[in-house]
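Data block below; observations after.
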Amino acid sequence: MTRVPVNRSSAYSPPVTASSAGAPAFALDRSSPVPLYYQLAQQLEAAIEHGELRPGALLGNEIELAGRLGLSRPTVRQAIQSLVDKGLLVRRRGVGTQVVHSQVKRPLELSSLYDDLEAAGQKPATRVVSNAVEQASAEVAAALGIAEGSEVHHLERLRLSHGQPMAFLSNYVAVSRLDLDTGRLESTGLYRMMRSAGITLHSARQTVGARSATPEEARLLDEPGGAALLTMQRTAYDDTGRAVEYGAHIYRASRYAFDFQLLVRA
1457 MTRVPVNRSS AYSPPVTASS AGAPAFALDR SSPVPLYYQL AQQLEAAIEH
1507 GELRPGALLG NEIELAGRLG LSRPTVRQAI QSLVDKGLLV RRRGVGTQVV
1557 HSQVKRPLEL SSLYDDLEAA GQKPATRVVS NAVEQASAEV AAALGIAEGS
1607 EVHHLERLRL SHGQPMAFLS NYVAVSRLDL DTGRLESTGL YRMMRSAGIT
1657 LHSARQTVGA RSATPEEARL LDEPGGAALL TMQRTAYDDT GRAVEYGAHI
1707 YRASRYAFDF QLLVRA
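Structure below.
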């Protein structure tokens, strides 16, 4: 495990900066109106997201960290608690505060979770729960623009990051559009398979929501019963305007967030 070295500075010498080879630097501006606990929490979160603090990295206990940063213990405790609440850190008795994992912030654009995790250095993996051909329900048929009862591939996959469950994915693809091999699905993403088959993804219609986990979902995602989940329904279209895939996915809210930019309409 990696300890985060921090050069101790006087409480009267802003900013406090900590750095060393291979370790993140923390710069706390005591003259800023932004609370010190929030500054520390934001910089710790950024270090986790960017891989400077990897799962298993040890920050030490609150007293040790406060001393190294020249901060009060309540300030450090508040910063740490905000990241514990987000699921990024965990307190271990006799060990200190340890990085658990980073939260994936996914852009609201047409991309696959597999590609986004890989790009973020999150080591994606897939476990195929089921891969079957079935008749399309009215809902699935309407989403894919096919006749009700038409044959579709129905995939159920558990997506993992660093060996921990991240999302449960349920996807429907018309049998005529793609041959879905279970082995390939466990080694790559669905959208990569589509691109390899010559399907050009162009756009998607997506709805994001939230709800509580069912007992089975909580078991699959390693969450407590009734935990908050993010939900997403998406229909993806190719460059001819045809629907190629319909998905209904659930994500661990403690591990996952959507990140997007809003523009003011003139």
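In this text, residue positions in the sequence shown follow the numbering used here: the first is 1457, and each later residue adds one.
Here a beta-carbon is modelled for each residue, glycine too, at the ideal position from N, C-alpha and C.
Practice problem: Name, in chain order, the residues that DSSP records as bridge partners for Ser1632. | Solution: In the DSSP output, where bridge partners are listed per residue, Ser1632 has none listed.
Quiz item: Ordered along the chain, which non-local residues of its own chain (more than five positions away) have a Cβ less than 7 Å from that of Val1596?
Solution: Closer than 7 Å at the Cβ level, and outside the excluded window around Val1596, lie Val1608, Tyr1628 and Tyr1702.
Practice problem: Have a look at the DSSP bridge pairing and note the partners of His1705. | Solution: In the DSSP output, where bridge partners are listed per residue, His1705 has Leu1625 and Met1688.
Practice problem: Could you tell me the distance, in whole angstroms, from the CA atom of Ala1603 to the CA atom of Gly1645? | Solution: If you draw a straight line from the Cα of Ala1603 to the Cα of Gly1645, it comes to about 27 Å.
Quiz item: Would you report the Cα separation of Pro1671 and Leu1686, rounded to the nearest angstrom?
Solution: If you draw a straight line from the Cα of Pro1671 to the Cα of Leu1686, it is about 16 Å long.
Quiz item: Taking 7 Å as the line, does the beta carbon of Gln1591 fall inside it for any heavy atom of the ligand GTP?
Solution: The ligand GTP is not among the ligands present in this structure, which contains no ligands whatsoever.
Quiz item: If you pair each beta-carbon of the region 1514–1527 with each one of the region 1537–1544, do three or more pairs fall below 8 Å?
Solution: Taking 8 Å as the limit for Cβ pairs, the verdict is that the region 1537–1544 does not touch the region 1514–1527.
Quiz item: Quick one, are the C-beta atoms of Leu1509 and Val1551 less than 8 Å apart?
Solution: When the beta-carbon positions are compared, Leu1509 and Val1551 stay at least 8 Å from each other.
Quiz prompt | CB contact flag (Asp1694, Thr1656, <8 Å) | solution = In this structure, the beta-carbon distance from Asp1694 to Thr1656 falls below 8 Å.
Practice problem: Give the DSSP bridge partners of Pro1580, in chain order. | Solution: Answer by DSSP bridge pairing, in chain order: Ser1617.
Quiz item: What's the gap between the Cα of Glu1520 and the Cα of Thr1553?
Solution: Spanning the two alpha carbons is a distance of roughly 11 Å.
Quiz prompt | Beta-carbon spacing of Met1650, Arg1711 below 8 Å | solution = Remark: C-beta atoms of Met1650 and Arg1711 do not approach each other more closely than 8 Å.
Quiz item: What's the gap between the Cα of Leu1545 and the Cα of Gly1512?
Solution: Between the C-alpha atoms of Leu1545 and Gly1512 there is a straight-line separation of about 10 Å.
Quiz item: What did DSSP end up calling Arg1529 once you bin it into helix, strand or coil?
Solution: In the structure shown, Arg1529 sits in a helix (DSSP, three-state: H, G or I).
Quiz item: Out of curiosity, what's the CA-to-CA distance linking Arg1638 and Asn1587?
Solution: The question names Arg, but residue 1638 is Thr in the sequence shown. Looking at the two C-alpha atoms, the distance is approximately 7 Å.
Practice problem: Throw me the rounded Cβ distance for the Leu1677 and Arg1708 pair, which I believe falls under 8 Å. | Solution: That belief holds up - the Cβ atoms of Leu1677 and Arg1708 are roughly 5 Å apart, short of 8 Å.
Self-check item: C-alpha gap between Ala1692 and Arg1583, whole angstroms
Solution: Counting only the Cα atoms, Arg1583 lies some 22 Å from Ala1692.
Practice problem: Give a yes or no on whether the C-beta atoms belonging to Pro1666 and Gln1689 are separated by under 8 Å. | Solution: One detail in the question is off: residue 1666 reads as Ala in this sequence, not Pro. Against a cut-off of 8 Å, the Cβ pair of Gln1689 and Ala1666 comes out as no contact.
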